[in-house]
Amino acid sequence: MRYLLLLLSALLLATSAEARTLYYGNKVGMELTIVKKSGIGSEHASILARHDRRKAGVYCREYGHDFSKECIDAEMKSPLHFEISANCKTGKFTTFYGANMLFQGRNKGTQVTTDYLITSIDDNVVLDGSGASSYDVTLDQFKALCPNRVR
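By our numbering, the letter at position 27 of the sequence shown is numbered 32, and the numbering carries on one by one without gaps.
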């Protein structure tokens, strides 16, 4: 009986770990469900995700205070890239918005107050940690791809 309970607990943990989500924006409901992961922690890490009408509804209700089907339809059509990827060795990665980023490791005394330095390659701008820079969301996406680089 003890072994059966242990086995069931392990299966439940594995199932919940696979049903994980990642935020693509810093507002409530702006999250995607992870469908597939491959090469996590490698030079070819990738995560495939999908949009979910229920989460789009949460975004519309909680952030936009809009309970309409039109709001949900519009959110489902957000211009997202549903696959993100990274080279965990170099730190180059992409976000769900298709932005090219560079994770540069621990912040060692720069003018930004973030724990880690992340640069938008497209704009040549270091994310400053503000909500407008989407630093937290971007860091979480990199963490999901390259968990051993962020501790």
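Cβ coordinates follow ideal geometry from the N, Cα and C atoms, glycine included.
Three-state secondary structure (DSSP) at residue i?
i, result
"GLY96", "coil"
"TYR29", "coil"
"SER139", "coil"
"MET6", "Only weak support exists for where MET6 lies, its pLDDT of 48 falling under 50; the coordinates are left without a value."
"LEU122", "strand"
"LEU150", "helix"
"LEU2", "Outside the shown range of the chain (6 to 156) lies residue 2, about which nothing can therefore be said."
"LEU12", "For LEU12, the predicted model reports a pLDDT of 40, less than 50, meaning its position is unreliable and no value from the coordinates is stated."
Under 9 Å between the Cβ atoms of residue i and residue j?
i, j, result
"ALA54", "ILE89", "yes"
"TYR28", "TYR102", "no"
"SER118", "ASP141", "Residue identity differs from the one stated: residue 118 is Thr in this sequence, not Ser. Contact: no."
"CYS151", "CYS65", "no"
"SER138", "ALA91", "no"
"ARG25", "ILE39", "yes"
"LEU85", "HIS49", "no"
"GLY136", "TYR121", "no"
"GLY46", "ASN153", "yes"
Since residue i and residue j should fall inside the 8 Å C-beta cutoff, what is the C-beta to C-beta distance between them, to a whole number of angstroms?
i, j, result
"PHE87", "GLY96", "Not quite, the Cβ-Cβ distance comes to about 22 Å (not below 8 Å), so this is no contact."
"VAL63", "GLY34", "4 Å"
"LEU144", "ILE126", "Not really, about 16 Å apart at Cβ, beyond 8 Å."
Using 10 angstroms around the beta-carbon of residue i, count the other beta-carbons present and answer buried if the total reaches 16, otherwise exposed.
i, result
"SER131", "Just to set this straight, residue 131 is Val in the shown sequence, not Ser. By the 10 Å Cβ count, VAL131 comes out buried."
"MET116", "Note that residue 116 corresponds to Gln in the displayed sequence, not to Met. Result: exposed."
"GLY114", "exposed"
"GLU80", "buried"
"PHE98", "buried"
"PHE72", "exposed"
"GLU36", "buried"
"LYS41", "exposed"
Hey, which unbroken runs of the beta strand (DSSP E) at 3 residues or more fall wholly within the stretch 41–116?
50–55, 88–92, 97–99 and 105–111
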